[in-house]
Amino acid sequence: MSLLEVISKASSTASIHPDPDSNYPIVLNPDSILLKLKPETDELNEESPVKRVTGWEISQTDAGLIEAGQKFFKKLKRKLKNTNTFSKDEFLGMFTSYLEKTGEKIGISIGVDKSDEEYVRKLVERLGFSMGRDVKSLILEACVALEVWDTLESLIINGLVEHMCTSNLVYNLIEKRRSDLVVLCVKHLSDLQTYDLMCILKYFLLPPRDGYKSLVSVREEWENQALLAIEKVSDRGLGGKQKSLARDASFLLMVAHDEFTISELCLHYLLASRNLDEVIFSACVSKLNGEEMMALIKYLGKWLRKYERFPQVVPCPKASSLLGLKACDWVPTLENVVKCLGLVVDEHFSSLVLHSEFHEQLRSLEKVVSSLAAEARLCGTLTNLTERLRGEHQGQPQ
5 MSLLEVISKA
15 SSTASIHPDP
25 DSNYPIVLNP
35 DSILLKLKPE
45 TDELNEESPV
55 KRVTGWEISQ
65 TDAGLIEAGQ
75 KFFKKLKRKL
85 KNTNTFSKDE
95 FLGMFTSYLE
105 KTGEKIGISI
115 GVDKSDEEYV
125 RKLVERLGFS
135 MGRDVKSLIL
145 EACVALEVWD
155 TLESLIINGL
165 VEHMCTSNLV
175 YNLIEKRRSD
185 LVVLCVKHLS
195 DLQTYDLMCI
205 LKYFLLPPRD
215 GYKSLVSVRE
225 EWENQALLAI
235 EKVSDRGLGG
245 KQKSLARDAS
255 FLLMVAHDEF
265 TISELCLHYL
275 LASRNLDEVI
285 FSACVSKLNG
295 EEMMALIKYL
305 GKWLRKYERF
315 PQVVPCPKAS
325 SLLGLKACDW
335 VPTLENVVKC
345 LGLVVDEHFS
355 SLVLHSEFHE
365 QLRSLEKVVS
375 SLAAEARLCG
385 TLTNLTERLR
395 GEHQGQPQ
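In this note's numbering, the protein residues as written are 5 to 402.
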């Protein structure tokens, strides 16, 4: 039997739906397991390329973590059946106790006093990796049900949201009007589905009135990043290249912040997200109604006018790592904006032509696009000329 046949046979007999209560719900330490494995027999079997081994045994530490996780899971699941008698404080007490015991088992100390406001956040940051998939999913459910937003924020930032939970989480956060946490999902979850992105796009194009309350922190973040960029420009300790980078970043953040509404600042994250490619964006745009389309066209129009007014603005990918200006990673490029506008026109061409309310917006955008196109042609000509002159200069004898 060939190796392919062995694998195919094993796959056909495996359960189609994996058991949610797996015997090994955490990532095991392979060193203590693989070193103990020995061949079941020394005889060679030419018919099968697979050699059976014996000695499979997980470490006591891993076994202890699995047992503790299963006990915590069962207790928390029982408590969540009646959230009226289950308080935030009781949940946080259970959760911190579980993580503290986990830290003791694997020998990790967070070095923060229990009375510190950042205690739970630090626990999640240092020990969240040790939680099994089922435990993480249930903790997410508890955080949403009991509205423990700080802990949920830590889980999202530290990448502890399982793929199977993302859609449900995004839906619940939109229902709860936690716009700030929806933004965090866009920033930190790398496997958002098309439907999730469509819901987020529609939500930020026309956010409900009660959705603005939690958006204050989003504007503050952009303002703080812009102020930090200005401080970097005047910092005498920076070298010439870093100052030049800080100057470019300050222009970029100024353009991204000024004249945009707070919900449009959230759209920046979506347009600059790696989750959003042309195929996915086209699918999202196809589901927009007329009012949402108008809001999107106005938003994209703002960007086109900004890039026309400030041609010196360029992407600053190094500003995040060198200067701590992370917001620079979330500014849509001119290329992003043009592609998105093109997809909107392609997807809704008939509606845009037939409905007169779009005509004024599109006519004004046509002038901006024509201006940008003329500038691009001129830049292209100058680039070609420069390259040609450089080539001729290099070809001359010294």
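Glycine residues also receive a C-beta, built at the ideal position from the N, C-alpha and C atoms.
Output the boundary residues of the alpha helix (DSSP H) element that contains A331.
In the sequence shown, counting from the first residue as 1, residue 331 sits at position 327. Element bounds for A331: n/a, residue is neither H nor E.
From which residue to which residue does the alpha helix (DSSP H) around M297 run?
Residue mapping note: residue 297 aligns to position 293 of the sequence shown, counting from 1. Residues G294 to R313.
Nearest to Q74 by alpha carbon, out of R137, V259 and V342?
Here the question's residue 74 lines up with position 70 in the sequence shown. Per the Cα distances, R137.
In terms of residues, what are the limits of the alpha helix (DSSP H) holding D200?
Locating residue 200 in the sequence shown gives position 196, where the first residue counts as 1. Unbroken alpha helix (DSSP H) run through D200: T198 to L209.
Given a cut-off of 7 Å on the beta-carbon distance, is the pair E296 and L356 in contact?
Here residue 296 refers to the residue found at position 292 when the sequence shown is read from its first residue. Here residue 356 refers to the residue found at position 352 when the sequence shown is read from its first residue. It is not a contact, given that the beta carbons lie outside the stated cut-off.
Tell me the rounded alpha-carbon separation between Q229 and I112.
If you number the sequence shown from 1, residue 229 lands on position 225. If you number the sequence shown from 1, residue 112 lands on position 108. Taking the straight line from one Cα to the other gives about 33 Å.
Roughly how many whole angstroms lie between the Cα atoms of L156 and V148?
As a working note, residue 156 is residue 152 in the sequence shown. As a working note, residue 148 is residue 144 in the sequence shown. In a straight line, the C-alpha of L156 is about 8 Å away from that of V148.
Please return the same chain residues whose Cβ sits closer than 6 Å to the Cβ of Y207, not counting the five positions on each side in sequence.
On the sequence shown, residue 207 is found 203 positions in, with the first residue counted as 1. If we look at Y207 and ignore the five residues flanking it on each side, its Cβ neighbours are I178.
Kindly indicate which three-state DSSP category K42 falls into: helix, strand or coil?
Translated into the one-based positions of the sequence shown, residue 42 becomes position 38. Of the three classes helix, strand and coil, the one that applies to K42 here is strand, per DSSP.
Look at the Cβ atom of W226, then the Cβ atom of L269, and state whether they are nearer than 7 Å.
Taking the sequence shown and counting its residues from 1, one reaches residue 226 at position 222. Taking the sequence shown and counting its residues from 1, one reaches residue 269 at position 265. Yes; because the gap between Cβ atoms is below 7 Å, this pair is in contact.
Suppose only complete runs of 4+ residues qualify. What are the alpha helix (DSSP H) ranges in the region 106 to 160, listed by chain order?
123 to 131 and 137 to 150
When DSSP builds the beta bridges, which residues end up paired with V186?
The residue labelled residue 186 in the question sits at position 182 within the sequence shown. DSSP lists no partner for V186.
What residues in its chain sit with their C-beta under 6 Å from that of I20, if we drop five residues either side in the sequence?
Start at 1 with the first residue of the sequence shown, and residue 20 comes out as number 16. The predicted model places I20 with a pLDDT of 44, which falls under 50 and marks its position as unreliable; any figure quoted below should be read in that light. If we look at I20 and ignore the five residues flanking it on each side, it has no Cβ neighbours.
I'd like the span of the alpha helix (DSSP H) that includes S248, first residue to last.
As a position in the sequence shown, residue 248 is number 244, starting the count at 1. From DSSP, the alpha helix (DSSP H) with S248 extends over G244 to H261.
Spatial neighbours of T170 within its chain, please: CB distance less than 8 Å, with the 5 preceding and 5 following residues excluded, ordered by chain position.
Against the sequence shown, residue 170 aligns to sequence position 166. Hits under 8 Å: C189, L193, D195, L196, Q197 and D200.
For L164, I'd like the list of residues in its chain whose CB is within less than 6 Å of its CB, leaving aside the five on either flank, ordered along the chain.
Counting from one through the sequence shown, the residue named residue 164 turns up at place 160. For L164, where only same-chain residues beyond five positions count, the Cβ hits under 6 Å are G132 and K140.
Which of the three DSSP states is assigned to D23 in this structure?
Locating residue 23 in the sequence shown gives position 19, where the first residue counts as 1. Bear in mind that the predicted position of D23 carries a pLDDT of just 49, short of 50, making it too unreliable to give a figure here.
My guess is that E339 and S286 are in contact by the Cβ rule of under 8 Å, so how many angstroms apart are they, rounded?
Indexing the sequence shown from 1 puts residue 339 at position 335. Indexing the sequence shown from 1 puts residue 286 at position 282. The Cβ separation is near 16 Å, so there is no contact.
Going by beta carbon distance, what residues of the same chain come within less than 7 Å of P43, once the five residues before and after it are set aside?
Residue 43 sits at position 39 when you count from the first residue of the sequence shown. Excluding positions up to five away in sequence, the list reads K55 and V57.
Compare the C-alpha of V237 against each of P336, L329, V342 and S221 and name the closest.
As a first step, residue 237 is located in the sequence shown; it is residue number 233 there, counting from the start. If we check each option's Cα against that of V237, L329 comes out closest.
Measure the CB-CB distance between F95 and L150 and report whether it falls below 7 Å.
On the sequence shown, position 91 is the one that residue 95 refers to. On the sequence shown, position 146 is the one that residue 150 refers to. Yes, Cβ-Cβ distance for F95 and L150 is below 7 Å.
Report the residue from H359, R181, I234 and L103 whose alpha carbon sits nearest the alpha carbon of I70.
As a working note, residue 70 is residue 66 in the sequence shown. Closest by alpha carbon: L103.
What does T58 pair with, by DSSP beta-bridge criteria?
Taking the first residue of the sequence shown as position 1, residue 58 is located at position 54. T58 pairs with K42.
Helix, strand or coil: how does DSSP classify F285 here?
For the purposes of this step, residue 285 is identified with residue 281 of the sequence shown, where counting begins at 1. F285: helix per DSSP, three-state reduction.
What are the boundary residues of the alpha helix (DSSP H) that N228 is part of?
Taking the sequence shown and counting its residues from 1, one reaches residue 228 at position 224. N228 -> alpha helix (DSSP H) spans V220 to V237.
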